[in-house]
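Undergrad: Just so you know, the sequences run in chain order A and B. Start counting the first sequence at 1; every next residue gets the next number (the numbering used here). Start counting the second sequence at 1001; every next residue gets the next number (the numbering used here). My structure is below; once you've seen it, I'll send some questions.
2 protein chains.
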Amino acid sequence: MAANVIDGGQVRNKQVLLKDFVTGFPKESDMLFTTSSVNMKLPEDSNGVLVKNLYLSCDPYMRIRMSKLLRPSYIDSFQPGSKGETVFVSAASGAVGQLVGQFAKLMGCYVVGSAGSKEKVDLLKSKLGFDEAFNYKEETDLDAALKRHFPGGIDIYFENVGGKMLDAVLLNMRIHGRIAVCGMISQYNLEEPQGVHSLMNLVYKRIRMEGLLSFDYYHLYTKFLEMMIPQIKEGKIVYVEDIAQGLESGPSALVGLFSGRNVGKQVIAVAPQ
Amino acid sequence: MAANVIDGGQVRNKQVLLKDFVTGFPKESDMLFTTSSVNMKLPEDSNGVLVKNLYLSCDPYMRIRMSKLLRPSYIDSFQPGSKGETVFVSAASGAVGQLVGQFAKLMGCYVVGSAGSKEKVDLLKSKLGFDEAFNYKEETDLDAALKRHFPGGIDIYFENVGGKMLDAVLLNMRIHGRIAVCGMISQYNLEEPQGVHSLMNLVYKRIRMEGLLSFDYYHLYTKFLEMMIPQIKEGKIVYVEDIAQGLESGPSALVGLFSGRNVGKQVIAVAPQ
């Protein structure tokens, strides 16, 4: 993370640096907040533009890049469902989940989301239009919770968490169900990811499970905007953000993602508009 | 398993019965071989046909049906690759694997198979036309073995074994690779299946993983025969069978599947032709 604040003619450069590769849960002390003074004046004959950052995004995938085994990074994406199908979204009030759930509702699906607090569950049902939602932290048996919400099974699972939730979902998928794998936040802090044990359900139920990265879909971005902007203007798609103030709050905001402290998409406001 | 042997005018009915649900490796003693005498004469005005069984199939999936948790059963299927891609087939000399490998070769793919003995590895390379093959029991590091055989990665994996092999394959898949999941024989004897830990590779590499059951493709069977019969007549597709003699050998043949004793598709000859 880096942000520049222009202070008169001078430029002070604030930075959050990763001290060392992280194992397990990230701690604020894994990161270092520093300030240095830099001359960032554009040369007089330059056509360049000096950009003032207003917000930085803060997302679970960042944790992956903090591990020693550098893996490819990825960013938000989405995959709406089809008419009349049942859809389950995990981490449903998060940056991606809240949109996926609303897209699925627009497509006429029955949509249930899971999240980690009563506040988030309420948000899903009241503001984000989910048909149902539950707090996974209050469920001792995820399989039973899914059976309660999907007595006929799940057609589409939008996977954001992995681990035990994925195992429980595999037990509750319908035949020819589909699983879009966007992320597995429950696994990013583990030295070794938890094992997923129910994969034979892919065969029993002929399930398609497919990973996605938004990079592959940039060519559809214009089309996406055409579809989405009217929906946003009409208030049919809303977006909940959790804005932390100041780059100084960056480490705490990032760490908070893994205990689910954020409500909605975590953003860091690094400069006044 | 059941078979009827007509003995003069009388009918002796040989049967292999499952004594009780099985946990762990199946043992011959889990099954009971019995003979009883039955009158199976057709009524004089019947249009029925009395069928004499010659062979019984003996397949890993049967183990699944011997567990207390009855899961859907399934039978052989196939999924050929596309031109010029790299294909890995596990349990490659088995009932399904040997065909899948040959189909992939017909489609112009580079095909590597894994099996559990030198004899099978030789068979894959000499008789079944695989480009390469290796004995997974001799590999201490499956990831390294796959990297050796697929320095550029795997486009298509035909999954027959599950567990550690699947984990190693996920590490070696190419971007946008595809995994057809036919079975997971390494898991059927375990009380709890081994966990698969590398599933985030589905996201990193946007892999599609899909289970299949032949039931879904019966409507293509005529087309399949049209395509395949000429190939068989021309000797371009061959099939290796391991024929055990007599229904009495059924339990031993079934148990043998899980130590890989069979070479090729296990069949039990229950009556002379």
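Backbone N, C-alpha and C fix where the C-beta goes; we use that ideal spot for every residue, glycine too.
Does the segment 1185 to 1194 of chain B come into contact with the segment 1052 to 1068 of chain B, if we say contact requires no fewer than three beta-carbon pairs (one atom in each stretch) closer than 8 angstroms?
TA: Judged by Cβ distances under 8 angstroms, the segment 1185 to 1194 of chain B makes contact with the segment 1052 to 1068 of chain B, as three or more pairs qualify.
Undergrad: Using DSSP bridges, identify the partner residues of residue 178/A.
TA: According to DSSP, which records beta bridges pairwise, residue 178/A is partnered with 156/A, 208/A.
Undergrad: Assign residue 1273/B to one of three DSSP states: helix, strand, or coil.
TA: Reduced to three states, the DSSP call for residue 1273/B is coil.
Undergrad: Kindly indicate if chain A contains any beta-carbon less than 7 angstroms away from that of residue 1073/B.
TA: Because residue 1073/B carries a pLDDT of 37, less than 50, the predicted location of this residue cannot be relied on, and the following value inherits that uncertainty. Output row for residue 1073/B: interface = no.
Undergrad: Can you name the start and end residues of the beta strand (DSSP E) that residue 1194/B belongs to?
TA: Residue 1194/B -> no beta strand (DSSP E), and no H or E assigned at all.
Undergrad: Does residue 227/A get closer than 7 angstroms to chain B when you measure Cβ to Cβ?
TA: Chain B contact via Cβ: absent.
Undergrad: Distance, Cα to Cα, residue 137/A vs residue 167/A?
TA: Their Cα atoms are separated by approximately 16 angstroms.
Undergrad: Determine the burial state of residue 207/A: buried for a count of at least 16 other Cβ atoms within 10 Å of its Cβ, exposed for fewer.
TA: Its Cβ being crowded by 16 or more others within 10 Å, residue 207/A is buried.
Undergrad: Quick one: what's residue 173/A bridged to in DSSP?
TA: Partner(s): 154/A.
Undergrad: Counting Cβ pairs closer than 8 angstroms, one from the segment 21 to 35 of chain A and one from the segment 48 to 61 of chain A, do we hit at least three?
TA: Short answer: they don't touch.
Undergrad: In three-state DSSP terms, what is residue 1261/B?
TA: Reduced to three states, the DSSP call for residue 1261/B is coil.
Undergrad: Is it the case that the Cβ atoms of residue 165/A and residue 199/A are separated by a distance below 7 angstroms?
TA: The answer is no: Cβ separation not under 7 angstroms.
Undergrad: In the structure shown, what three-state DSSP assignment does residue 1254/B receive?
TA: Note: residue 1254/B maps to helix in three-state DSSP.
Undergrad: Smallest Cα separation from residue 1119/B: which of 1223/B, 1240/B, 1030/B, 1263/B?
TA: Closest by alpha carbon: 1263/B.
Undergrad: Against residue 162/A, what residues of chain B qualify as contacts under a CB-to-CB distance less than 8 angstroms, listed in chain order?
TA: Simply 1199, 1200.
Undergrad: Are the C-beta atoms of residue 1026/B and some chain A residue less than 7 angstroms apart?
TA: No, no contact with chain A.
Undergrad: Please list the partners that residue 1184/B has in chain A, where partner means a Cβ-to-Cβ separation under 8 angstroms.
TA: Those are 199, 200, 203, listed as they occur along chain A.
Undergrad: Roughly how many angstroms separate the alpha carbons of residue 258/A and residue 103/A, rounded to a whole number?
TA: Cα-Cα distance, rounded: 25 angstroms.
Undergrad: I'd like the list of long-range same chain contacts for residue 1124/B, defined as Cβ closer than 8 angstroms, with 5 residues on each side in sequence excluded.
TA: Cβ neighbours of residue 1124/B beyond the five flanking positions: 1092, 1093, 1098, 1101, 1113, 1115, 1130, 1133.
Undergrad: What three-state label does DSSP hand residue 1022/B in the structure shown?
TA: Note: residue 1022/B maps to coil in three-state DSSP.
Undergrad: Taking residue 109/A and residue 266/A to be in contact with their CB atoms under 8 angstroms, please state how far apart those CB atoms are, rounded to whole angstroms.
TA: About 26 angstroms; that fails the 8 angstroms criterion.
Undergrad: Any idea which residues DSSP pairs residue 1088/B with across the strands?
TA: Answer by DSSP bridge pairing, in chain order: 1112/B, 1157/B.
Undergrad: Let me confirm a value: residue 157/A is counted as buried when at least 16 other C-beta atoms fall within 10 Å, else exposed. Which label applies?
TA: Flag for residue 157/A reads buried.
Undergrad: Buried or exposed: residue 25/A, going by 16 or more other Cβ atoms within 10 Å of its Cβ?
TA: Counting Cβ neighbours within 10 Å, residue 25/A comes out exposed, since fewer than 16 surround it.
Undergrad: Would you verify that the beta carbon of residue 1076/B is, or is not, closer than 7 angstroms to some beta carbon of chain A?
TA: For residue 1076/B, the predicted structure reports a pLDDT of 34, less than 50, and the residue's modelled location is therefore unreliable. The matter cannot be settled from this model.
Undergrad: State the start and end residues of the unbroken alpha helix (DSSP H) segment that holds residue 224/A.
TA: Taken as a continuous stretch (DSSP letters only), the alpha helix (DSSP H) holding residue 224/A covers 221 to 233.
Undergrad: Does any CB atom of chain A fall closer than 7 angstroms to the CB of residue 1022/B?
TA: No, because no Cβ of chain A sits closer than 7 angstroms to the Cβ of residue 1022/B.
Undergrad: Does the separation of the CB atoms of residue 245/A and residue 237/A fall below 7 angstroms?
TA: In this structure, residue 237/A does not lie closer than 7 angstroms to residue 245/A by Cβ.
Undergrad: Could you tell me if residue 1159/B is buried or exposed, where buried requires 16 or more neighbouring beta carbons within 10 angstroms of its beta carbon?
TA: The residue in question, residue 1159/B, is buried, as its Cβ has 16 or more Cβ neighbours within 10 Å.
Undergrad: In the DSSP assignment, find the unbroken alpha helix (DSSP H) run with residue 1145/B in it and report its ends.
TA: Unbroken alpha helix (DSSP H) run through residue 1145/B: 1142 to 1149.
Undergrad: Any Cβ of chain A within less than 7 angstroms of the Cβ of residue 1181/B?
TA: Closer than 7 angstroms to some Cβ of chain A, the Cβ of residue 1181/B qualifies, so yes.
Undergrad: Between the segment 1009 to 1019 of chain B and the segment 1245 to 1256 of chain B, are three or more C-beta pairs nearer than 8 angstroms?
TA: In short, these stretches touch, since the Cβ pair count reaches three.
Undergrad: Using a C-beta to C-beta distance shorter than 9 angstroms, which residues of chain B count as neighbours of residue 192/A?
TA: Under the 9 angstroms cutoff, chain B gives 1197.
Undergrad: Are the C-beta of residue 1177/B and some C-beta of chain A separated by less than 7 angstroms?
TA: No, no contact with chain A.
Undergrad: Given this structure, state the Cα-to-Cα distance separating residue 1235/B from residue 1221/B, to the nearest angstrom.
TA: Their backbone Cα atoms lie some 20 angstroms apart in a straight line.
Undergrad: For the ligand MG, I want to know if residue 1010/B counts as a neighbour, meaning its beta carbon is within less than 6 angstroms of at least one of the ligand's heavy atoms.
TA: No copy of the ligand MG appears in this structure; indeed no ligand is present at all.
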